[in-house]
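Residue numbers (this note's numbering): 93 to 443.
What follows is a single structure, written as structure tokens, with notes after it.
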Ligand SMILES: Cc1cc2nc3c(=O)[nH]c(=O)nc-3n(C[C@H](O)[C@H](O)[C@H](O)COP(=O)(O)O)c2cc1C
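Below, the structure is given as structure tokens:
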């Protein structure tokens, strides 16, 4: 770890509590936009030297045939358009997952679509895959300096019917094959109509089959294979989870990411904004996400690695996911509430 990176991380960690006061006074989406802009400015212009050539702290670990610099990653959705991979990566993440990206750019759902539930340190979002389109992101990713692992999370456009969804995922994979270290197939966002129906085993099987077949072709063409993980919802029944786990193993998937946001409102009922439509994240999803990881771990018996995500707001929460069977963990909502301090805390807790 270089001295420069240490300083960068320490400054961001120290600065965030006061910055958050200002940011939390703003509309959540505006605060998100401004934070990413500031980070982009830091990474692209005057301080590029400050964090260039850095690497993540911690002990490397091999998952999906890739060497991750440490066990912590940034979950999908925060940097959907891959504008800040260098700046975010320099905070110490061993992997950064960009997206969800769709083949064509799309604006997402009408605003407001992002809500803070402060007493629960939670978020409800119904963003709807607002993103600049995969090709635009790929241009930026080709120029990244971040030396950690890059995940590219793929989705379908909102107006692509489920019957044609496979062509969107295939086209995303083709477009990003050269820049991605792994792909995450998102079948679990509650904010694209009927998307989660693709998690039905009968829908999932042909879709994954087509993706794996194309991956094998691209792997020969480019002389390297890119692993494919699949991201699932916490709201599936336990039996359904077991069936999916068997399917993923049978088909030769490389990992499962558990979990996405929940449509449940357990733990936030009666709170301001709790009635908003969308996916709930943060502490209210923690317990169910951990349960899903435990169930998958028991059922899979190490046949498939699990990437654990959902409600990690402390080092202890990350450890809980590790103990439940997650090889890697990811954060989103905790990072919004706690900033770079949480990155350091988790890395110390789970190494
Ligand atoms: C505002 C917001 C946007 C998100 N967008 C995406 C997305 O585009 N793709 C995706 O796979 N997950 C998305 N997620 C889900 C997160 O990656 C993560 O799975 C979920 O929030 C649970 O983790 P957390 O409790 O640490 O936030 C989003 C979450 C939030 C809060």
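Just so you know, even glycine gets a beta-carbon here, dropped at the ideal spot from N, CA and C.
{"Asked": "Between 437, 366 and 345, which has its C-alpha nearest residue 157's C-alpha?", "Found": "345"}
{"Asked": "Name the one or two DSSP bridge partners that residue 154 has.", "Found": "159"}
{"Asked": "Could you tell me which whole beta strand (DSSP E) segments of length 3 or greater appear in the stretch 316-342?", "Found": "320-324"}
{"Asked": "Under 8 angstroms by Cβ, that's how I've got residue 387 and residue 333 pegged, so tell me the actual separation to the nearest angstrom.", "Found": "6 angstroms"}
{"Asked": "Between the stretch 336-355 and the stretch 387-399, do three or more beta carbon pairs fall short of 8 angstroms?", "Found": "yes"}
{"Asked": "Could you check what DSSP says for residue 40 in three-state terms: helix, strand or coil?", "Found": "Here the chain has residues from 93 to 443 only, and residue 40 is not among them."}
{"Asked": "Rounded to a whole number of angstroms, what is the C-alpha to C-alpha distance between residue 357 and residue 220?", "Found": "19 angstroms"}
{"Asked": "If distances are taken between C-alpha atoms only, which option among 433, 375, 215 and 410 comes closest to residue 367?", "Found": "215"}
{"Asked": "Exposed or buried, what is residue 61 when buried is set at 16 or more other beta-carbons lying within 10 Å of its beta-carbon?", "Found": "Residue 61 falls outside the range modelled here, since the chain spans only 93 to 443, and no answer is possible."}
{"Asked": "Report yes or no: do three or more beta-carbon pairs, one from the stretch 265-280 and one from the stretch 313-324, lie closer than 8 angstroms?", "Found": "yes"}
{"Asked": "Give me whichever residues DSSP pairs with residue 356 in a beta bridge.", "Found": "The partner list for residue 356 (beta bridge, DSSP) is empty, contrary to what the question assumes."}
{"Asked": "Bridge partners for residue 276 per DSSP, in chain order?", "Found": "245 and 321"}
{"Asked": "Could you tell me if the beta carbon of residue 429 falls within a distance shorter than 7 angstroms of some heavy atom in ligand 1?", "Found": "no"}
{"Asked": "Using a Cβ-Cβ cut-off of 7 angstroms (strictly less than) and excluding sequence neighbours within five positions of residue 43, which residues of its own chain qualify?", "Found": "Lying outside 93 to 443, the shown extent of the chain, residue 43 is not represented and no answer is given."}
{"Asked": "Starting from residue 383, follow the alpha helix (DSSP H) in both directions and report where the run begins and ends.", "Found": "375-392"}
{"Asked": "Closer than 7 angstroms to a non-hydrogen atom of ligand 1 - does that hold for the CB of residue 285?", "Found": "no"}
{"Asked": "Exposed or buried, residue 110, counting other C-beta atoms within 10 Å across all chains shown (16 or more means buried)?", "Found": "exposed"}
{"Asked": "Following the continuous alpha helix (DSSP H) through residue 438, name the residue where it begins and the one where it ends.", "Found": "432-442"}
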